[in-house]
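**Student:**
2 protein chains.
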Amino acid sequence: MEDIKNRIRIEELLDRVVSAEEAASWIEDGMSLGLSGFTRAGDVKVVPRALVKRAEKEPLKVSVYTGASLGADTDKLLAESGILHKRSPFQADPAMRKKINEGDFYFVDIHLSHVAELVRSGIISIDYAILEAVSITEDGMIIPTTQVGNSAIFAEHAKNIIVEINLAHPLSFEGVHDIYDPGKQGERMPIPLIKASDRIGTIGIPVDINKIKGIVINNEMDSPSTIVPPDEETQIMANHLIEFLRKEIAEGRLTNSLAPLQSGIGSVANAVLHGLLVSEFEDLEVYSEVLQDAVFDLLDAGKVKFASCCSITISEEKMKKVFGNFEKYKDRLMLRPQEISNHPELIRRLGLISINTALEVDIYGNVNSTHVRGTHMMNGIGGSGDFARNARLAIFVTKSVAKGGTISSIVPFVSHVDHTEHDVDVIVTEQGYADLRGLAPRERVELIIENCAHPSYRAQLRDYYYEALAKGGQTPHNLEKAFSWHTNFEKTGTMLETEKELEPTKN
Amino acid sequence: MEDIKNRIRIEELLDRVVSAEEAASWIEDGMSLGLSGFTRAGDVKVVPRALVKRAEKEPLKVSVYTGASLGADTDKLLAESGILHKRSPFQADPAMRKKINEGDFYFVDIHLSHVAELVRSGIISIDYAILEAVSITEDGMIIPTTQVGNSAIFAEHAKNIIVEINLAHPLSFEGVHDIYDPGKQGERMPIPLIKASDRIGTIGIPVDINKIKGIVINNEMDSPSTIVPPDEETQIMANHLIEFLRKEIAEGRLTNSLAPLQSGIGSVANAVLHGLLVSEFEDLEVYSEVLQDAVFDLLDAGKVKFASCCSITISEEKMKKVFGNFEKYKDRLMLRPQEISNHPELIRRLGLISINTALEVDIYGNVNSTHVRGTHMMNGIGGSGDFARNARLAIFVTKSVAKGGTISSIVPFVSHVDHTEHDVDVIVTEQGYADLRGLAPRERVELIIENCAHPSYRAQLRDYYYEALAKGGQTPHNLEKAFSWHTNFEKTGTMLETEKELEPTKN
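Just so you know, the protein sequences line up as chains A and B, in that order.
Under the UniProt record's numbering, the first residue of the first sequence carries the number 1, and numbering increases by one thereafter.
Under the UniProt record's numbering, the first residue of the second sequence carries the number 1, and numbering increases by one thereafter.
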């Protein structure tokens, strides 16, 4: 109880501690919920589970908005329980993915920086904000745990708030968050952040405590990240990226401390960042969405001097090291709302180097980040659009082939466009990199094919292009065959026109 | 000569007045030129013509960068002379369009706000900046004419500058421009603009006068705009838009003075803005790229109290009225660099209502602004991406059919994506509007078909969708048929599956 009093430092709120079941009982059919949680970090853990349990006995539909993906199998439970009317803006769970693609509920895929504006304008309305916290302070601030996500904007606009106090996270998290609300469009001032390490807001989310309807206690660590360690191919990709960055330094466009780095979620982006460990670059800064393991290795090595983010999603091993020794990292870290970590104003001002993963890329540099064969949702666009559009360097990484070489990541025409040719600066695969800046579509083709496509697919890509070229145009295409690689894969199980063996990867 | 001394107010520069032919003779093969000119406004007029003339006698290739499209048939002359290696970032000339699509030279289609960053980083290097001006002041500032475009960034980074002093524009233009340079990424401060009418910079482009190699005199008005006056259908579209805006006011998201308006170039966008003349909205502000006739009508009617822009492109009649009486408008106008008029930081902060023209839209809300049948360039993306991504409301307008009803502007899959589903809020056609905010792809389909598609194509669109739906997915598609409407048009001259008569337009 003493511990609870340290965590809930307003006397009258102590009476509002309830069970997860009781809190879940307040949710009514048709409501919209705003949950904390961003890439498995800082998500509320026990109330959603109680809600799903309740839905076993009575019909219930809710819309669930979050920062990004949830951990603790919550997205799986929500999807499989049939409780969902709508889910937004991001998920990464295989069971949820399946249900989305079966049309079981609506999934709304939104730029992560845009969610706050939609809440502010009332397009997304929130009945209950359900937010994980390490504590509620004397002056009525909710201190988040390992993410900020959309928690601040949900708290401000929700009719009611339920807080999950997580005892598994130390109170030393207090002071690592920086909560800033730009305010209404048309009335707001410039966001006063000019360096990744600038503190511009408060250490917690200021709330009207009368809106806090209940407080639930949990004692669960975040679900650890599921990223795969770097392999030989991702190491090669990291080397290509480093080679490109060296060229930028040689040409006077970057210095040895580069520019603030953003790296998307996922194994490839993590591996690429990991590759910087053995580079000559130093005094690096990170201004990103999610911090994965690699950033903490770079902090440990003294390569990165400051890291700003919106969530921390790390492996179990790294969690023990970082959260068990948080004071060591605290003054080199800051956690911000996703509206701020992903804000176009700041991304452009800071001039980020942005590294995100592509699902497929076409010969003109358009990128698909979300839809398998143009139809089936993978995870969502996340923050990749926020960053790519506004970054100093919008870099997309992907292995050149997938599924044992039967899928080429470089295709004639991407089956879904998330990032247009206007927003893609550099493509990196294990084959090499293509620097597309300032180039016309016809200049891009050969560069992408020669530098990025797998050797097994190069001739086939050129065949497509030369046939299209005969028809003319700024961006030559043969619309009859533009998606033939995708439809061939569906029919034959491979994009390769003849069943030839894959040529060995170039090193 | 007295007039010239008023126009060139630094003694030593008077000696640098040369003929257009002499100035053109300095340009060397392979050079990159940065020309003033934005949507036919404020373009240099005599030096490019002399350069084209010179190229008749000797082989010469240059790359030409501008603000946007040029007037005075310069783009036509450049394209047809064979002088071009590269042209960027925008054009709107039929002869140039033809040459681009024939692959005669490279056209690089760039977000208009991004050009300055590419110049700053040296990806685009400028040998000669050739800039139209009303004057050069005592303190060494170049005062532009009817556009700012990229003139400031070209002047700063060019090795040499040639100025065309245009005597046809009155000196009263001095004081209407606001030149602001954000500086290097990573070192820059917030842009201190918080209202459309804020002055944040200088009245001219500060330059090192040693870089001014020559000054040429011209005395030509801008080419007048070629927009078509509003017709019955555009009037209906304006009414739909006004109806939507009224709903936003009723729901408390806007007030009667709306939010700063941006409207793209073109007859439809102009007509839609013109429709506001007879609306109840008042005290409007414009924060746009190009001011067309409609904005001056709104200023005259007292509906618009301030208009910020990057260029003024108006009809001959309107030119006489506005430029002949410029003092009357001057304190309600400001001309800014395109980096500032189109800056994501400012568009998001001000919360613009952005109205741009779509070439085609698909059933999920993706927009093609540039490529006819996916391959042939129309004009370029211009600023539409800058605005749509960051605006409070990203509205796209298009007539539901083109070419006598043989082309549906609403298609199963757009043949080129410039604006993804993530960036498109509202679609308006003469049939009605579809408000897509917060909606999943499967929710968008029926809304777009029923509210925006032409009645003749609705059943055919539904047929496509229901067949695709059987295959499942977040965004159901049948990739075998996704572009069949486009390929059918090529084969049969119509997208209509059966040669049925068009149903009459709904009023």
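Ideal Cβ placement from N, Cα and C applies to all residues, glycine included.
#1: So with CB distances below 7 Å, who are the chain B contacts of residue 583 of chain A?
#2: Candidates B/328, B/392, B/320 and B/398: which alpha carbon is nearest residue 362 of chain B's?
#3: Check each residue of the segment 183-200 of chain B: if its Cβ is closer than 8 Å to any Cβ of chain A, include it; give the result in chain order.
#4: Are the CB atoms of residue 165 of chain A and residue 49 of chain A within a distance shorter than 8 Å?
#5: Measure the alpha-carbon distance for residue 470 of chain B versus residue 497 of chain B and round it to whole angstroms.
#6: Residues of chain B with CB under 9 Å from residue 374 of chain A, in chain order?
#7: In chain B, which residues lie with their C-beta within 7 Å of the C-beta of residue 157 of chain A?
#8: Where does residue 189 of chain B land, buried or exposed, given buried means 16+ other C-beta within 10 angstroms?
#9: Is there contact between the segment 148-163 of chain B and the segment 125-135 of chain B, where contact requires at least three CB pairs shorter than 8 Å?
#10: Under 8 Å, with one C-beta from each stretch per pair, do the segment 354-374 of chain B and the segment 414-428 of chain B reach the 3-pair mark?
#11: Please report how far the alpha carbon of residue 12 of chain B lies from the alpha carbon of residue 237 of chain A, in whole angstroms.
#12: Anyone know if the C-beta pair for residue 567 of chain A and residue 124 of chain A falls short of 8 Å?
#13: Could one say the Cβ of residue 497 of chain A lies closer than 8 Å to chain B's Cβ atoms, at least one of them?
#14: Ignoring anything shorter than 4 residues or poking outside the segment 232-301 of chain A, list the alpha helix (DSSP H) runs there in chain order.
#15: Do residue 515 of chain A and residue 268 of chain A have their C-beta atoms within less than 8 Å of each other?
#16: Against chain A, with Cβ distances strictly below 8 Å, would residue 486 of chain B count as a contact?
#17: The beta strand (DSSP E) that contains residue 87 of chain B, what's its start and end?
#18: Can you find a C-beta in chain A that's less than 8 Å from the C-beta of residue 107 of chain B?
#19: For residue 417 of chain B, return the contacting residues in chain A, with the cut-off set at a CB-CB distance below 8 Å.
#20: Residue 442 of chain B versus chain A: which residues are under 8 Å apart at the beta carbon?
#21: Does the contact criterion of 3 or more C-beta pairs under 8 Å hold for the segment 57-75 of chain B versus the segment 352-361 of chain B?
#22: Taking only three categories from DSSP, how would you classify residue 181 of chain A?
#23: Cβ of residue 146 of chain B within 8 Å of Cβ of residue 312 of chain B?
#24: Check for me: the alpha helix (DSSP H) holding residue 469 of chain A runs from which residue to which?
#25: Rounded to a whole number of angstroms, what is the C-alpha to C-alpha distance between residue 215 of chain A and residue 17 of chain A?
#26: Please report the straight-line C-alpha distance between residue 342 of chain B and residue 270 of chain B, rounded to a whole angstrom.
#27: Taking beta-carbon pairs under 8 Å, can you tell me which members of the segment 384-410 of chain B lie near chain A?
#28: Tell me whether residue 201 of chain A is buried or exposed, calling it buried when 16 or more other Cβ atoms sit within 10 Å of its Cβ.
#29: Between the segment 236-250 of chain A and the segment 317-330 of chain A, can you find at least three pairs of beta-carbon atoms closer than 8 Å?
#30: Less than 8 Å between the C-beta atoms of residue 452 of chain A and residue 384 of chain A, yes or no?
#31: Using the three-state DSSP reduction, which class does residue 47 of chain B fall into: helix, strand or coil?
#32: Count the CB pairs spanning the segment 457-476 of chain B and the segment 275-295 of chain B that are closer than 8 Å, and state whether there are at least three.
#33: What does the alpha-carbon distance come out to for the pair residue 494 of chain B and residue 409 of chain B?
#34: Given that a residue counts as buried once 16 or more other Cβ atoms are within 10 Å of its Cβ, and exposed if not, what is residue 435 of chain A?
#35: What residues from chain B crowd round residue 111 of chain A, counting only those whose CB sits closer than 7 Å?
#36: Indicate the three-state DSSP secondary structure (helix, strand or coil) for residue 345 of chain B in the structure shown.
**Tutor:** By the coordinates alone:
#1: For chain A, the structure presents residues 1 to 507; residue 583 of chain A sits outside this window and is missing.
#2: It is B/398 whose Cα lies nearest to the Cα of residue 362 of chain B.
#3: 184, 185, 186, 188, 189, 190, 191, 192 and 194
#4: The Cβ-Cβ distance between residue 49 of chain A and residue 165 of chain A does not fall below 8 Å.
#5: About 21 Å.
#6: 413, 473, 475, 477, 479 and 482
#7: Simply none; closest approach about 13 Å.
#8: exposed
#9: The answer is yes - the segment 125-135 of chain B touches the segment 148-163 of chain B, with three or more Cβ pairs under 8 Å.
#10: yes
#11: 56 Å
#12: Since the first and last residues shown for chain A are 1 and 507, residue 567 of chain A lies out of range.
#13: no
#14: You should have 232-250, 267-274 and 293-300.
#15: No answer is possible for residue 515 of chain A: the residues shown for chain A start at 1 and end at 507.
#16: yes
#17: 84-88
#18: yes
#19: 366, 417 and 420
#20: 103 and 106
#21: no
#22: In the structure shown, residue 181 of chain A sits in coil (DSSP, three-state: anything other than H, G, I, E or B).
#23: Yes.
#24: 455-469
#25: Roughly 4 Å separates the two Cα atoms.
#26: 18 Å
#27: 385, 389, 390 and 392
#28: buried
#29: Segments in contact, no.
#30: no
#31: helix
#32: Taking 8 Å as the limit for Cβ pairs, the verdict is that the segment 275-295 of chain B does not touch the segment 457-476 of chain B.
#33: 12 Å
#34: buried
#35: 422
#36: helix
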